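Residue numbers (this note's numbering): -12 to 199.
Glycine included, each C-beta is placed from N, C-alpha and C at the ideal position.
Fair warning: this is a prediction, and the values are worked out from it, not measured in the lab.
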Amino acid sequence: MQEELEEYILSHIDAEGDALARLNRETHLFHLRPRMCSGHLQGRLLKMFVRMINPHNILELGTFTGYSALCLAEGLIAPDGELHTIEIDDELEDFIRNHFEASPFAERINLHIGDAREILPSLGKTFDLVFMDANKREYCEYYDLVFPMLSPGGFIIADNTLWDGKVVDWGKKLDAQTEGILKFNDYIAQDKRVEKVIIPLRDGLTIIYKKP
Ligand SMILES: C[S@@+](CC[C@H](N)C(=O)[O-])C[C@H]1O[C@@H](n2cnc3c(N)ncnc32)[C@H](O)[C@@H]1O
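Structure, rendered in C-alpha cells:
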C-alpha cells in the first residue's frame, strides 16, 4: 500500500495502544523477519473480526512474537472466551510469554510450543474462529486438520494468501512457499463446504465460512 495512504488510514482508525506498539518495536529490534508481525492495521482488523463474529474459542497457527494473538484476545467478548495459539520456534517462547503476561489477557491465552500439525489433534476442542498464519507450505495440511475442529458457521482467516503478488507472478522459478499458497487457494476455491472471499489487504487475507 502507498505509504501516504497507509499513514492516512492509521491516523483515522483506533490506535494500537502502547503495549502493542512496544511489542512491534521490540519485534523489529530483536527478531529476524519482523515483517511477519501483523502490525497496526491488520491487528485492528483482526480485533474487529472477533468483535463481529463473537467467537467463544479462537485458534491461531503461528504466534511469532504474539502481536496478532494479543489483538485476537483483545476482541473477545464472551467472559469465558479463550485463545489457543501455537508456535513451533521455542526460542520465541520467553519473549511471547513476557508480553502475554504483561497484558490484561494473560488468563485467556493458551500458548502451545511445537508443531501445529502435532499439537492440533491433542487439543480436543472446537473453535469458532481460526487464524492461519504459520508455514505457507503447510496450509493445506492445517486446513484438513482444522476443518473438523471448526464449529458449523465458524470462520477461518488465512493470512498471506496473495503472497506479495507471487500468486500471479512467481518469476522464473516457483518456490515452495508460493507453491503452497497456490495449492491452498485452489483447494479452497473448489471446496463446496465453505464460502470464501479474498481481501487484498497487506499480503492477502482469505476469509472462509464453514456452511452449517
Ligand atoms: C507469519 S509468522 C506469524 C505472525 C503472527 N501471527 C503475527 O501476525 O504477528 C509465522 C510463524 O509461524 C511459525 N510456524 C511455522 N511453522 C509452524 C508450525 N508447523 N507450527 C507452528 N508454528 C509454525 C513460525 O515459526 C513463525 O513464527
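Beta-carbon proximity list for residue i, same chain, < 7 Å, skipping 5 on both sides
{"i": "G100", "result": "Position check: residue 100 holds Ile in this sequence, whereas Gly was assumed. Excluding sequence neighbours, I100 sits near E74, D77 and E80."}
{"i": "S55", "result": "S25, G30, L33, E47, F118 and D120"}
{"i": "D102", "result": "I75"}
{"i": "D1", "result": "R31"}
{"i": "H15", "result": "P21"}
Simplified DSSP assignment, three categories, for residue i
{"i": "L149", "result": "coil"}
{"i": "S109", "result": "helix"}
{"i": "L59", "result": "helix"}
{"i": "K160", "result": "coil"}
{"i": "I185", "result": "strand"}
{"i": "L169", "result": "helix"}
{"i": "L79", "result": "helix"}
{"i": "K123", "result": "helix"}
{"i": "L19", "result": "coil"}
{"i": "E47", "result": "strand"}
{"i": "G53", "result": "coil"}
{"i": "G4", "result": "coil"}
Check whether residue i and residue j have beta carbons under 8 Å apart
{"i": "L70", "j": "I40", "result": "no"}
{"i": "L63", "j": "V37", "result": "yes"}
{"i": "F87", "j": "L98", "result": "yes"}
{"i": "A288", "j": "F92", "result": "As displayed, the chain neither begins before -12 nor continues past 199, which places residue 288 out of reach and without an answer."}
{"i": "I168", "j": "K197", "result": "no"}
{"i": "L107", "j": "D146", "result": "no"}
{"i": "F114", "j": "T148", "result": "no"}
{"i": "I175", "j": "I194", "result": "no"}
{"i": "A89", "j": "A6", "result": "yes"}
Range of the contiguous beta strand (DSSP E) that encloses residue i
{"i": "D115", "result": "F114 to M119"}
{"i": "L70", "result": "E69 to E74"}
{"i": "H99", "result": "I96 to I100"}
{"i": "K197", "result": "L192 to K197"}
Contact set for residue i: own chain, Cβ-Cβ below 6 Å, skip 5 residues either direction
{"i": "L116", "result": "I40, P42, I45 and F142"}
{"i": "T165", "result": "W150, K153 and W157"}
{"i": "G200", "result": "Past the boundaries of the shown model lies residue 200; the chain is included only from -12 to 199, so the question cannot be answered."}
Spatial neighbours of residue i in its chain, beta-carbon cut-off 8 Å, leaving aside the 5 residues before and after
{"i": "K104", "result": "Before going on, a small fix: residue 104 reads as Arg here, not Lys. Excluding sequence neighbours, R104 sits near E125, E128, Y129 and L132."}
Next item on the list: Check whether the stretch 173 to 187 touches the stretch 153 to 163, taking contact to mean three or more Cβ pairs, one atom from each stretch, closer than 8 Å.
Entry: no
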